[in-house]
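Right, one structure below, let's go through it.
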Amino acid sequence: MGAQPELSVVVPVFNAEATLPKLVAELEGVLGSDGWELVLVNDGSRDRSWEVIQALAGRFPWIRGFNLMRNYGQHNALLCGIRAARGRVIVTMDDDLQNPPAEIPRLLAKLEEGYDVVYGTPRRQQHGLLRNLASSVTKLALQSAMGAETARSVSAFRAFRSEVREAFAEYRGAFVSIDVLLTWGTQRFAAIPVECRPRTIGVSHYTVGKLIAHALNMITGFSTLPLQMASILGFLMTFFGFTILVYVVGRYLVQGGSVPGFPFLASLIAIFSGAQMFGLGVIGEYIARIHARTMDKPSYTVRSVTRQAE
């Protein structure tokens, strides 16, 4: 096994056979070949990514590879790599070369200032309008789930102390958000601006739909905000109904007549029915999450590992 490394770089891999050799070369140029390890987690790639990982692990002793049974998602793959990492500090980054390895020393320097988690926030967004909008919505949802202002600055490029993962060592569940899980262990977050290179190979696997689905999973899986919103909506609708009742009774007592018109009553019924259905829908989402947890569905399953990872 050798000496325990000081740094572990964890990279979830999905259809990245073309970028992995370049990423490894850049990391070696910045970090050298001693005192750190690279953990590559193949998340059910449909190309030759696992074969490339095996070849790289055979060539470089500081590379460890894990091959998942199927595609579980970026955060699930990250959780696998984070749990397998042996370093005192863990750095996570994407496999598409958009996170420059040259920025890693800056993350580590900021971490040494007394923080437990440091994010590398891109200075400029590299995506289109819809993708950026969906990303902003996701970060708002993340802020609700994390309860931390730093949620606005989160990214896949992060560095944190390995002790933080002890807070979610026993976590089991199909829905994973690494950023939320990190808040279970600390509130000492920081973020620094970093360069983000444009993608030159392949396309982003995070579509607008996937980002929105991830945001919904974070809100309903790690936050009670929707339940609170449903309660507030129910209170407002009840108050509105009570106000209408006071108006109808008051008019009857003063003028001796009632409020005529079926459309008026139908509108009230529609408002209250809509509020009830909204509340039931929110509760249903939480019941679905509870059902998923009771099934004890794993976050990931490893099919095979490289020789160094054994």
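So in our numbering, the last one in the sequence shown is 516, and the numbering has no gaps at all. Quick reminder that beta carbons are idealized off the backbone N, C-alpha and C, glycines included.
Spell out a yes or no on whether the region 316 to 325 and the region 241 to 249 are touching, meaning 3 or more CB-CB pairs, one atom from each, closer than 8 Å. Contact fails: fewer than three Cβ-Cβ distances are below 8 Å.
Straight-line CA distance for E369 to V216? Near 16 Å, if we compare the C-alpha coordinates of V216 and E369.
Assign W242 to one of three DSSP states: helix, strand, or coil. W242 falls in the strand class under three-state DSSP.
Give the single residue among V455, F395, F272 whose Cα lies nearest to the Cα of Y321. The shortest C-alpha separation from Y321 is found at F395.
What is the C-beta distance between S255 and N221, in whole angstroms, given that I count them as a contact (C-beta under 8 Å)? About 6 Å; that satisfies the 8 Å criterion.
Reference L229, options G279, A308, A481, T389, closest by Cα: For L229, the closest C-alpha among the options G279, A308, A481, T389 is that of A308.
Please classify Y492: does DSSP put it in a helix, a strand, or coil? Here Y492 sits in helix by DSSP.
Alpha-carbon to alpha-carbon, R367 and G326: When rounded, the distance between both Cα atoms is 15 Å.
Locate the alpha helix (DSSP H) running through T159, then write down its first and last residues. Beyond the ends of the chain as shown, which are 207 and 516, falls residue 159; an answer cannot be given.
What three-state label does DSSP hand L439 in the structure shown? For L439, the secondary structure class from DSSP, reduced to helix, strand or coil, is helix.
The alpha helix (DSSP H) that contains G271, what's its start and end? Going by DSSP, G271 is part of no alpha helix (DSSP H) but of the beta strand (DSSP E) stretching over 269 to 274.
Per DSSP, what kind of secondary structure is P328 in: helix, strand or coil? Here P328 sits in strand by DSSP.
Output yes or no for whether 7 Å exceeds the beta carbon distance between R329 and P432. Their beta carbons are not under 7 Å apart, which means R329 does not touch P432 by this criterion.
T298, DSSP secondary structure in three states: Assignment of T298 by DSSP, reduced to helix, strand and coil, places it in the strand class.
N277 by DSSP, collapsed to three states: which one? Here N277 carries a coil assignment [DSSP, helix/strand/coil].
Let me make sure I understand the geometry here. Which of D385, S437, S214, A373 has the alpha-carbon closest to that of V360? Distance check between V360 and each of D385, S437, S214, A373 places D385 closest, using alpha-carbon atoms only.
Which one of V258, T444, L226, I296 has the shortest CA to CA distance from F478? The alpha carbon of F478 has as its nearest neighbour, out of V258, T444, L226, I296, the alpha carbon of T444.
Going by the beta-carbon positions, is the gap between L303 and T225 smaller than 7 Å? Going by C-beta atoms, L303 is nearer than 7 Å to T225.
Close beta carbons around L213, own chain, < 6 Å, minus the five adjacent residues each side: Once the five neighbours on either side are set aside, the close Cβ partners of L213 are W242, G293, V295.
With a threshold of 16 other CB atoms inside 10 Å of the CB of G287, please say whether the residue is buried or exposed. The Cβ neighbour count for G287, taken over all protein chains shown within 10 Å, is at least 16; the residue is labelled buried.
To the nearest angstrom, report how far apart G279 and F374 are at their CA atoms. For G279 and F374, the distance between alpha carbons rounds to 18 Å.
Based on DSSP bridge pairs, tell me the residues matched to S214. Under DSSP, the beta-bridge partners assigned to S214 are E243, I296.
Whole-angstrom distance between F484 and N248, CA atom to CA atom: C-alpha separation (whole angstroms): 39 Å.
Using the three-state DSSP reduction, which class does F366 fall into: helix, strand or coil? It is a strand residue.
Nearest-angstrom Cα separation, counted from Q210 out to R509: Those two C-alpha atoms are separated by around 25 Å.
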